[in-house]
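Working notes, beginning with the structure itself.
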Amino acid sequence: MNFSELVRARRSVRDYDLSQPVTDADLQAIFEEVILSPSAFNLQQGAFVVVREAEQKKRLRAASMDQAQVENCGAAIVVCAKLDAHLDAPTVFAQAPEPIRERMIGMTAQMYGGNAQFARDEAIRGASLAAMTLMYAAKARGFDTGAMIGFNPQQVAEVAGLTDNYIPAMLIVMGRGTPPATPRGYRKPVSEVVKLERLDGAGLA
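The number in this note's numbering is simply the position in the sequence shown, starting from 1, with 6 added.
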C-alpha cells in the first residue's frame, strides 16, 4: 500500500486471531521504523514495553479496566513517556560539533529541567508521535492495532516494571485482526477541522 491507502485502511481493532503471533522479527522490523519518529530536540521520549506472555497479558488486562482485547491480542504494547529525557541530551548530541553540543545541552536543561509540567507534556507528545508511527508501521506489515487510554496508570506502571521517570502514555494492542473490520466512525469534514490563518477564519474548502 502507498501511504494514502495505508491511512485509509487503518482501523482501531479489538478482535484478533491468536493463532498468528507477533514475532521478534516482526517487532524488530516495525520498531526500526518507529525509532525514526520525530521529537523535540531529538530527545526521543518514547519507550515501549511489549507484552506477549499469557500471564503478563492477564495482569495488564486487570490494570486496563478488564478490557478483553488487552489479553486477546498478539501483543499488548505499553507506550511509555520518559519524563527526564532531557538528561539524554549529552548522548543525543554527542556527535555534534562542540559549540552546538554545549548549546543544545544547555537549552534542553533550561527548558525541561526546571519545568516538570512542560517536561511531562513534551514526553507525552514525543511518545504519542512514536505511537502513531508504530500503528502505521504495523499496518504496513499486515498487523492491526488499537490505541487505548482506559487503564489505571499506576497499575500499568507496576505491571510493566516502569521506574519513576516513566509514565504510561497509552496502550496499543496489536495482532492480525479478524475480519470484518469495524466501519470507520464519523469524521468531521476538512472544512470544519482546518481554518485558514485563524481559528475563526474561513475553513479550507
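For each residue, glycine too, the CB sits at the ideal point set by N, CA and C.
What you are looking at is a predicted structure, and each value in this text was computed from that prediction instead of being measured.
Residues sharing a beta bridge with residue i, DSSP
i    : result
S70  : Partner(s): none; S70 has no beta bridge.
T139 : In the DSSP output, where bridge partners are listed per residue, T139 has none listed.
I178 : I83 and A153
A53  : C86
K145 : Looking at the DSSP assignment, K145 forms no beta bridge with any residue, so it has no partner.
Y172 : K88
K201 : G209
Secondary structure of residue i, DSSP reduced to three states
i    : result
M7   : coil
S2   : Residue 2 is absent from the model: the chain starts at 7 and stops at 211.
G183 : strand
S45  : coil
K194 : coil
G167 : coil
Residue from the options with nearest C-alpha to residue i
i    : options                 : result
A166 : M117, Y192, A68 and E11 : A68
A125 : H92, L135, V98 and I106 : H92
R58  : L33, T188 and A208      : L33
C-beta contact flag for residue i and residue j at 8 angstroms
i    : j    : result
A143 : I36  : yes
A153 : M141 : yes
R229 : K201 : Because the chain is modelled from 7 through 211, residue 229 falls outside the range shown and cannot be assessed.
V28  : F149 : yes
Taking contact to mean 3 or more Cβ pairs, one atom from each stretch, closer than 8 angstroms, check whether the segment 172–179 and the segment 77–84 are in contact. yes
Count the C-beta pairs between the segment 183–194 and the segment 94–102 that are closer than 8 angstroms, then say yes if the count reaches three, no if not. The segment 183–194, when compared against the segment 94–102, does not touch it at the 8 angstroms Cβ threshold.
Inter-stretch contact (C-beta, 8 angstroms, three-pair minimum) for the segment 42–50 and the segment 105–121: yes
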